[in-house]
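Protein sequence lines correspond, in order, to chains A and B.
Residues 257 to 341 (our numbering) are what the first sequence spells out, left to right.
Residues 45 to 281 (our numbering) are what the second sequence spells out, left to right.
Backbone N, C-alpha and C define an ideal beta-carbon position, used for all residues, glycine too.
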Amino acid sequence: MKTYRADITILPKDGVLDIQGKAVEKTLSAHGYDAVLEVRVGKFIRVTVEAADHADADLKVRTIADDLLVNDLVESYAFAVEEAQ
Amino acid sequence: MRSAVVVFPGSNCDRDVEKALLYMETGPVDMVWHDDAAFPHRPDLVVLPGGFAYGDYLRSGALAAKSRIMGAVRAHAEEGGLVLGICNGFQILAEAGLLPGALLPNASLRFICRPTYLRVENNDTPFTCSFADSEIVQFPIAHHEGLYYLPDDELDRLERNGRVVFRYADRESGDAGEAYSPNGSLRGIAGIINERGNVLGLMPHPERATVQGLIWGMDGKGVWRSLEEHFGAWEGK
Numbered sequence: 257m258k259t260y261r262a263d264i265t266i267l268p269k270d271g272v273l274d275i276q277g278k279a280v281e282k283t284l285s286a287h288g289y290d291a292v293l294e295v296r297v298g299k300f301i302r303v304t305v306e307a308a309d310h311a312d313a314d315l316k317v318r319t320i321a322d323d324l325l326v327n328d329l330v331e332s333y334a335f336a337v338e339e340a341q
Numbered sequence: 045m046r047s048a049v050v051v052f053p054g055s056n057c058d059r060d061v062e063k064a065l066l067y068m069e070t071g072p073v074d075m076v077w078h079d080d081a082a083f084p085h086r087p088d089l090v091v092l093p094g095g096f097a098y099g100d101y102l103r104s105g106a107l108a109a110k111s112r113i114m115g116a117v118r119a120h121a122e123e124g125g126l127v128l129g130i131c132n133g134f135q136i137l138a139e140a141g142l143l144p145g146a147l148l149p150n151a152s153l154r155f156i157c158r159p160t161y162l163r164v165e166n167n168d169t170p171f172t173c174s175f176a177d178s179e180i181v182q183f184p185i186a187h188h189e190g191l192y193y194l195p196d197d198e199l200d201r202l203e204r205n206g207r208v209v210f211r212y213a214d215r216e217s218g219d220a221g222e223a224y225s226p227n228g229s230l231r232g233i234a235g236i237i238n239e240r241g242n243v244l245g246l247m248p249h250p251e252r253a254t255v256q257g258l259i260w261g262m263d264g265k266g267v268w269r270s271l272e273e274h275f276g277a278w279e280g281k
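Shown next as structure tokens:
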């Protein structure tokens, strides 16, 4: 078995009200950052797993994300798996 | 009526619910630890109380929804047993998939603790049968994540099937809806019931408006009275 590290990014789904993102966006705009078009605030989770290979690690991470880490009604996610060490 | 109140690490309304049930003399109340696999006695009513189970880590209710007792809660609900989720309990039921939707952070991004007025939108449930149709009641809220969210088409379906049970309302006019949501809750939704009609979740706290002498009034008594009436009829009293 090998050790893999997954970096998971979770964001509010498009269309779901992201109140934190809106608040940050307004503050930036009030401070003159005119270039900012949109801000969305989410979460970042790093998970280390044991797996046979890259594909196995990928499947394991996807399974726990779907089961617990992400509420797919309101959140979407993406992740990248890398072998650790 | 025998009640079971689930105690999660971080629950802080479990004793309030116990006190309200004992005050109403509804029958024995078992306090059940979240890590137990089963209820000590077969309950008629299971209550998931308010609080901050597991510190609200990850998402409110997400970790509690995976705790061991939830297997027994799910089985109880599948057999038609009554389940009442209040505040954090509602968030747990939503995360467990026993109720549709999600509770998002309040539109103000603030924790809100204050009395609210609600309109009883469906009094044909075991939890609300003692209320009059469209009765306005006062229950307090105390939460940071109470904005009820469900995609529009699913909200339409929920409404069509009479599954919105409590809606935030104006005391004087009796109007209810999103304009009266203290937390931005879509369509003013404060409480919903499942399709089968045996699992209710609501953000406001009826147990904080039950015992005489508290500042929130006593309209919450109607919930416990409804449950008693429901079981009274059932037992042929």
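Going along the chain, which residues of its own chain have a beta-carbon closer than 7 Å to the beta-carbon of residue i, five neighbours each way excluded?
i                : result
Leu66 (chain B)  : Val73
Tyr333 (chain A) : Ile264, Thr265, Ile266, Ala321, Val326
Ala151 (chain B) : Leu191, Asn227, Gly228
Leu199 (chain B) : Leu230, Arg231
Val272 (chain A) : Val330
Pro85 (chain B)  : Here the sequence assigns His to residue 85 (chain B), which means Pro is not the residue at that position. Answer for His85 (chain B): Arg46, Asp74, listed in chain order.
Ala340 (chain A) : Thr259, Tyr260, Arg261, Thr304
Val255 (chain B) : Lys63, Ala64, Tyr67
His188 (chain B) : Pro149, Asn150, Phe155
Lys281 (chain B) : Bear in mind that a pLDDT of 39 at Lys281 (chain B), under 50, signals an unreliable position, so the number given afterwards is only what the model happens to contain. None.
Thr169 (chain B) : Val209, Ile237, Gly241, Leu244
Ile233 (chain B) : Tyr192, Val208, Arg211
Compute the beta-carbon to beta-carbon distance between residue i and residue j, rounded to the nearest angstrom, for a pair I have assumed lies under 8 Å.
i                : j                : result
His117 (chain B) : Val90 (chain B)  : A small fix is needed here, since residue 117 (chain B) is Val in this sequence, not His. That pair is a contact at about 6 Å.
Tyr136 (chain B) : Pro226 (chain B) : The residue you asked about is not Tyr; residue 136 (chain B) is Ile in the sequence shown. The pair is not a contact, with the Cβ atoms about 21 Å apart (cut-off 8 Å).
Met75 (chain B)  : Glu62 (chain B)  : 6 Å
His120 (chain B) : Pro149 (chain B) : The Cβ separation is near 30 Å, so there is no contact.
Ala64 (chain B)  : Glu179 (chain B) : Contact doesn't hold; Cβ gap of about 19 Å is too wide.
Ala109 (chain B) : Pro184 (chain B) : Rounded, the Cβ-Cβ distance is 25 Å, inconsistent with contact.
Glu272 (chain B) : Thr70 (chain B)  : 6 Å
Could you check whether residue j and residue i sit closer than 8 Å to each other, using their CB atoms as the reference points?
i                : j                : result
Arg193 (chain B) : Ala146 (chain B) : What sits at residue 193 (chain B) in the sequence shown is Tyr, not Arg. Going by C-beta atoms, Tyr193 (chain B) is nearer than 8 Å to Ala146 (chain B).
Ala292 (chain B) : Gly95 (chain B)  : Here chain B covers residues 45 to 281 and nothing more, so residue 292 (chain B) does not appear.
Leu128 (chain B) : Phe83 (chain B)  : no
Gly235 (chain B) : Phe275 (chain B) : no
Asn242 (chain B) : Gly125 (chain B) : yes
His78 (chain B)  : Arg112 (chain B) : yes
Met257 (chain A) : Glu306 (chain A) : yes
Pro93 (chain B)  : Gly133 (chain B) : yes
Leu153 (chain B) : Gln276 (chain A) : yes
Val181 (chain B) : Gly266 (chain B) : yes
Pro115 (chain B) : Ala140 (chain B) : What sits at residue 115 (chain B) in the sequence shown is Gly, not Pro. No, the Cβ-Cβ distance between Gly115 (chain B) and Ala140 (chain B) is not below 8 Å.
Ala186 (chain B) : Cys131 (chain B) : yes
Pro268 (chain A) : Arg296 (chain A) : yes
Could you pull the DSSP bridge partners for residue i from this structure?
i                : result
Ser332 (chain A) : A:Leu267
Gln341 (chain A) : DSSP, once it has assigned bridges, lists no residue as partnering Gln341 (chain A).
Lys299 (chain A) : A:Ile266
Gly294 (chain B) : Here chain B has residues from 45 to 281 only, and residue 294 (chain B) is not among them.
Ser47 (chain B)  : B:Val73, B:Leu89
Arg220 (chain B) : The residue asked about is misnamed: residue 220 (chain B) is Ala in this sequence, not Arg. Beta-bridge pairing links Ala220 (chain B) to B:Ala213.
Pro312 (chain B) : Because chain B is modelled from 45 through 281, residue 312 (chain B) falls outside the range shown and cannot be assessed.
Lys249 (chain A) : Only positions 257 to 341 of chain A appear in the structure, and residue 249 (chain A) is not among them; the question remains open.
Ile233 (chain B) : B:Arg211
Leu191 (chain B) : B:Leu148
Val326 (chain A) : Answer by DSSP bridge pairing: none, since Val326 (chain A) is not bridged.
Leu246 (chain B) : B:Ile130, B:Gly235
Val164 (chain B) : B:Phe210
Arg55 (chain B)  : Here residue 55 (chain B) is Ser; the residue named in the question, Arg, does not match the sequence. Answer by DSSP bridge pairing, in chain order: B:Gly95.
Tell me which residues share the same chain as residue i and place their Cβ nearer than 8 Å to its Cβ, disregarding the 5 neighbours each side in the sequence.
i                : result
Glu279 (chain B) : Its pLDDT being 47, under 50, Glu279 (chain B) is placed unreliably by the model, and the measurement read from it follows with that caveat. If we look at Glu279 (chain B) and ignore the five residues flanking it on each side, it has no Cβ neighbours.
Val292 (chain A) : Glu281, Leu284, Ser285
Arg269 (chain B) : Met68, Ser174
Leu107 (chain B) : Ala97, Tyr98, Tyr101
Phe300 (chain A) : Asp263, Ile264, Thr265, Ile266
His310 (chain A) : Tyr260, Val337, Glu339
Tyr161 (chain B) : Ile180, Val181, Gln182, Tyr212, Ala213, Asp214, Arg215, Tyr224
Which residues in the same chain have their Cβ closer than 6 Å to the Cβ of residue i, if we skip the five residues on either side of it in sequence?
i                : result
Asn56 (chain B)  : Gly95
Val164 (chain B) : Thr172, Phe175, Glu179
Ala336 (chain A) : Asp263
Arg318 (chain A) : none
Gly298 (chain A) : Ile266, Leu267
Asp314 (chain A) : Val337
Asp58 (chain B)  : Val49, Val51, Pro93
Review point. Is there contact between the region 190–207 of chain B and the region 215–222 of chain B, where contact requires at least three CB pairs shorter than 8 Å?
Key: With a cut-off of 8 Å, the region 215–222 of chain B and the region 190–207 of chain B do not count as touching, because too few Cβ pairs lie within range.
Practice item. Specify whether the region 220–231 of chain B and the region 256–270 of chain B touch according to this definition: at least 3 beta carbon pairs, one from each stretch, less than 8 Å apart. Key: In the pairwise beta carbon analysis, the region 220–231 of chain B is classified as not touching the region 256–270 of chain B: fewer than three pairs are separated by under 8 Å.
Review point. With contact counted as at least three CB pairs below 8 Å, one residue from each stretch, are the region 173–192 of chain B and the region 240–252 of chain B in contact?
Key: With the cut-off at 8 Å, the region 173–192 of chain B and the region 240–252 of chain B touch.
Review point. Is the region 277–285 of chain A touching the region 49–56 of chain B in the sense that three or more CB pairs, one from each, lie closer than 8 Å?
Key: These segments do not touch.
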